[in-house]
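So the sequence shown is residues 35 to 169, counted in my numbering.
Taking it in order: structure first as structure tokens, then the write-up.
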Amino acid sequence: MVKKLDHIAIAVQNVEEAARFYRDMLGLELTNVEVVREQKTKVGFFPIGDTNIELVEPADDDSPLVKFLETKGPGIHHLCFEVEDIEDEIKTLLGRGAHLIDQRPRPGAHHTRVAFLHPKGTGGVLIELSQKPRT
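In structure tokens form, the structure reads like this:
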């Protein structure tokens with residue numbers, strides 16, 4: 035079950051350069067910058083209310099974000115929804131006929147487990163599901 039909108043991801047060429055607008059114009063604070071090796075990305079988050087703006091840049095030349103930026107340019111990349119149990123959510127979605135990119139969770143930022151739904155089955159929007167680490 036979806037708990038909340040976790041973040042809105044924005045594809046950028048460079049996290050630090052793109053962060054200037056959000057910091058200088060909107061007064062937001064960039065936190066939690068990290069490289070997510072499994073995703074070949076570098077991410078930085080701006081907490082805002084109960085959600086985040088995530089800036090995401092390619093960390094390798096073969097990152098899927100390279101092609102995205104070449105074809106679409108910087109802009110909204112995906113929406114991420116926090117879920118309680120990502121494996122149950124994947125099972126449920128597959129049972130409903132959803133088109134998933136990931137059939138099983140993979141590592142995400144901040145030690146989360148994530149899975150993506152293909153935009154072809156979501157009205158053109160890349161959707162990420164994210165489960166926070168269990169304590």
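For every residue, glycine included, the Cβ atom is placed at its ideal position computed from N, Cα and C.
The structure presented is a predicted model; accordingly, all values stated were derived computationally and were not measured.
Buried versus exposed, by CB contacts within 10 Å (16 or more), residue i
| i | result |
| --- | --- |
| residue 110 | exposed |
| residue 141 | exposed |
| residue 71 | exposed |
| residue 90 | buried |
| residue 66 | exposed |
| residue 123 | buried |
| residue 60 | exposed |
Reduced DSSP category for residue i - H, G, I as helix; E, B as strand; rest coil
| i | result |
| --- | --- |
| residue 98 | helix |
| residue 128 | helix |
| residue 138 | coil |
| residue 58 | helix |
| residue 158 | coil |
| residue 144 | helix |
| residue 119 | coil |
Residue span of the beta strand (DSSP E) that contains residue i, given as start and end
| i | result |
| --- | --- |
| residue 65 | 65–70 |
| residue 108 | Run containing residue 108: none; DSSP gives neither H nor E here. |
| residue 78 | 75–82 |
| residue 91 | 85–92 |
| residue 46 | That residue, residue 46, is in no beta strand (DSSP E); it is neither H nor E in DSSP. |
Cβ distance (whole Å) where residue i is taken to contact residue j below 8 Å
| i | j | result |
| --- | --- | --- |
| residue 100 | residue 108 | So it is not a contact: roughly 12 Å between Cβ atoms. |
| residue 143 | residue 77 | 5 Å |
| residue 128 | residue 149 | Actually they do not touch by this definition, with Cβ atoms about 10 Å apart. |
| residue 115 | residue 161 | 7 Å |
| residue 43 | residue 133 | Rounded, the Cβ-Cβ distance is 19 Å, inconsistent with contact. |
| residue 30 | residue 118 | Shown here, the chain extends from 35 to 169; a query on residue 30 therefore has no answer. |
| residue 138 | residue 165 | Actually they do not touch by this definition, with Cβ atoms about 12 Å apart. |
| residue 97 | residue 74 | 4 Å |
| residue 62 | residue 82 | 6 Å |
Indicate whether the contact test is met: 3 or more Cβ pairs, each with one atom in the segment 49–67 and one in the segment 78–98, closer than 8 Å. yes
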